[in-house]
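**Q** Okay, so the sequence shown: first residue is 1 according to the UniProt record's numbering, each after it adds one.
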Amino acid sequence: MPYVKVAICGAAGGIGQPLSLLMKTNPLVTELALFDIVNTPGVAADLSHINTPAKVTGYKGNDELAQALAGSYMVIIPAGVPRKPGMTRDDLFNINAGIVKSLAVGIATHCPKALICIISNPVNSTVPIVAEVLKQHNVFDPRKLFGVTTLDIVRANTFISGAKNVSVQGTEVPVIGGHSGVTIVPILSATPSYSEEEVKALTQRIQYGGDEVVKAKDGAGSATLSMAFAGARFANSLLDATVAKKSGVKECTFVKSDVVPGVEYFSSVVEFGPEGVHKIFPIPSLNAYEKTLFDACIPELKTNIQKGIDFVKNA
Ligand SMILES: NC(=O)C1=CN([C@@H]2O[C@H](COP(=O)(O)OP(=O)(O)OC[C@H]3O[C@@H](n4cnc5c(N)ncnc54)[C@H](O)[C@@H]3O)[C@@H](O)[C@H]2O)C=CC1
Ligand SMILES: O=C([O-])CC(=O)C(=O)O
Numbered sequence: 001m002p003y004v005k006v007a008i009c010g011a012a013g014g015i016g017q018p019l020s021l022l023m024k025t026n027p028l029v030t031e032l033a034l035f036d037i038v039n040t041p042g043v044a045a046d047l048s049h050i051n052t053p054a055k056v057t058g059y060k061g062n063d064e065l066a067q068a069l070a071g072s073y074m075v076i077i078p079a080g081v082p083r084k085p086g087m088t089r090d091d092l093f094n095i096n097a098g099i100v101k102s103l104a105v106g107i108a109t110h111c112p113k114a115l116i117c118i119i120s121n122p123v124n125s126t127v128p129i130v131a132e133v134l135k136q137h138n139v140f141d142p143r144k145l146f147g148v149t150t151l152d153i154v155r156a157n158t159f160i161s162g163a164k165n166v167s168v169q170g171t172e173v174p175v176i177g178g179h180s181g182v183t184i185v186p187i188l189s190a191t192p193s194y195s196e197e198e199v200k201a202l203t204q205r206i207q208y209g210g211d212e213v214v215k216a217k218d219g220a221g222s223a224t225l226s227m228a229f230a231g232a233r234f235a236n237s238l239l240d241a242t243v244a245k246k247s248g249v250k251e252c253t254f255v256k257s258d259v260v261p262g263v264e265y266f267s268s269v270v271e272f273g274p275e276g277v278h279k280i281f282p283i284p285s286l287n288a289y290e291k292t293l294f295d296a297c298i299p300e301l302k303t304n305i306q307k308g309i310d311f312v313k314n315a
């Protein structure tokens, strides 16, 4: 087995801590490097007592970013501020764009071949930011950059199976587009028949599931535990395909894509191979309602993507 170092940037945060815990349980991970601007020594010491193979190392502050990233096989980024009630994900852009950009410069410099999983919002813009930084350093490999939208699929599976009281284990709903509001397009026609009203209510709940958690947390942040679960599911799928060489591993994820002409990044079902993205599946056939969702998604998604690109190009 190769030496597999997984770095988590933002590892001391609400997502970072439970995500680090879940990644510590993956036996394919040789080293888990925890980076944050605060509190990583404590988180690393705590996790290091767990009797699984991954060696845990902690790095605090930008002076230690190089060491945290050096030689990483995979970098997962949940660094940045979360929403408070009344905010959109795009409202996070002003703070998180700069954080993600500086981490991307670190990756381009210290582990340019790493698989990169972006959790920080707004994902529709932070993924293009990372791509532009990597392009500036001549190290962009579109097979290795992923926006993590898995929480939308996790929510869709939960809400859909809950509505009909069917087994959640066997439910797998594709969710395409991006990761905010109307850019989230659940493909519910792929699941057993629901009435028109049910489909509309479920679609709305999946699109605004994040707001449900932001409201319930009442100023204390957004989804962290369900996101850690979703992030670990995504990272583990990618490690299964790239390290364990499992074939046929698929996840919906926001990647550089030709699936929708004129939209540079798009989430649809992606099959992973040894280098990351192996095959991007086209959009499944949409019914009339899904077409209206798709039409609403595209202009907003394009605006979000362009905002990320411009942030780097016009800096
Ligand atoms: N993709 C998705 O589906 C989801 C994305 N998110 C996003 O994930 C991000 C993190 O959310 P939480 O963990 O709840 O926030 P949090 O505030 O609890 O944790 C963020 C962590 O990032 C750290 N950080 C800030 N600047 C940093 C830098 N330059 N380098 C390294 N670490 C840095 C902070 O010190 C903090 O520990 C937010 O942007 C949130 O919107 C949240 C849920 C779902
Ligand atoms: O809603 C938020 O701000 C966090 C997020 O992306 C989600 O929970 O889907």
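For glycine and all other residues, C-beta sits at the position ideal for the given N, C-alpha and C.
All values derive from a computational prediction rather than experimental measurement.
Exposed or buried, Gly61, counting other C-beta atoms within 10 Å across all chains shown (16 or more means buried)?
**A** Taking all protein chains in view, the Cβ of Gly61 is surrounded by fewer than 16 other Cβ atoms within 10 Å, so the residue is classified as exposed.
**Q** Note down, in chain order, each residue of its chain lying with its Cβ closer than 6 angstroms to the Cβ of Lys307, except the 5 sequence neighbours on either side.
**A** Closer than 6 angstroms at Cβ, skipping near neighbours: Ser125.
**Q** If you reduce the DSSP assignment to three classes, tell me which class Ser125 lands in.
**A** Three-state result, Ser125: helix.
**Q** Skipping 5 residues on each side, what residues in its chain have a beta carbon closer than 8 angstroms to that of Pro112?
**A** Leu134, His137 and Val139
**Q** When DSSP labels each residue in this structure, what does His137 get in the three-state scheme?
**A** It is coil, neither helix nor strand.
**Q** Taking the runs of the alpha helix (DSSP H) that are 4 residues or longer, which of them lie wholly in the UniProt domain "Lactate/malate dehydrogenase N-terminal" (4-147)?
**A** Fully enclosed alpha helix (DSSP H) runs of 4 or longer: 16-24, 40-48, 65-69, 93-110 and 123-136.
**Q** Have a look at Asn287 and Gly147 and give me their C-alpha separation to the nearest angstrom.
**A** 26 angstroms
**Q** Sorry if obvious, but does the Cβ on Arg205 come closer than 7 angstroms to a heavy atom of ligand 1?
**A** no
**Q** Could you tell me which of Leu145, Asp91, Pro122 and Arg83 sits nearest to Phe234, measuring between CA atoms?
**A** Leu145
**Q** Scan the stretch 158-220 and note each continuous alpha helix (DSSP H) run of 4 residues or more that stays entirely inside, going in chain order.
**A** Taken in chain order, the whole alpha helix (DSSP H) runs of length 4 or more contained in the stretch 158-220 are 196-207 and 209-217.
**Q** Out of Arg205, Leu239, Cys252 and Ala315, which one is the CA nearest neighbour of Lys5?
**A** That would be Leu239, whose Cα lies nearest to the Cα of Lys5.
**Q** Considering only residues of the same chain and omitting the five flanking positions on each side of Phe159, which have a CB-CB separation below 8 angstroms?
**A** Leu202, Arg205, Ile206 and Gly209
**Q** Run through DSSP, which three-state label would Gly308 get?
**A** The answer is helix: DSSP assigns Gly308 an H, G or I state.
**Q** Which whole-angstrom value describes the C-beta separation of Gly170 and Phe254, a residue pair presumed to lie in contact below a C-beta threshold of 8 angstroms?
**A** Rounded, the Cβ-Cβ distance is 25 angstroms, inconsistent with contact.
**Q** Could you check what DSSP says for Glu271 in three-state terms: helix, strand or coil?
**A** strand
**Q** Alpha carbon to alpha carbon, what distance is there between Ala241 and Ile280?
**A** 15 angstroms
**Q** If you draw a straight line from the alpha carbon of Lys164 to that of Thr40, how long is it in whole angstroms?
**A** 43 angstroms
**Q** In angstroms with no decimal places, state the Cα-to-Cα distance between Gly80 and Ile119.
**A** 9 angstroms
**Q** Hey, could you find the ends of the alpha helix (DSSP H) Thr242 is sitting in?
**A** Per DSSP, Thr242 is one residue of the alpha helix (DSSP H) stretching across Leu225 to Thr242.
**Q** In whole angstroms, give me the CA-to-CA distance for Ala244 and Asn26.
**A** 12 angstroms
**Q** Using a threshold of 8 angstroms, state whether the C-beta atoms of Gly13 and Asp36 are closer than that.
**A** In this structure, the beta-carbon distance from Gly13 to Asp36 falls below 8 angstroms.
**Q** What residues match up with Glu300 in a beta bridge as DSSP calls it?
**A** DSSP links Glu300 through a beta bridge to no other residue.
**Q** According to DSSP, what are the bridge partners of Phe254?
**A** Gly147 and Ser267
**Q** Work out the CA separation of Gly262 and Ala54 for me, nearest whole Å.
**A** 42 angstroms
**Q** Helix, strand or coil, according to DSSP, for Ala154 in the structure here?
**A** The sequence shown places Val at residue 154, rather than the Ala named in the question. Helix.
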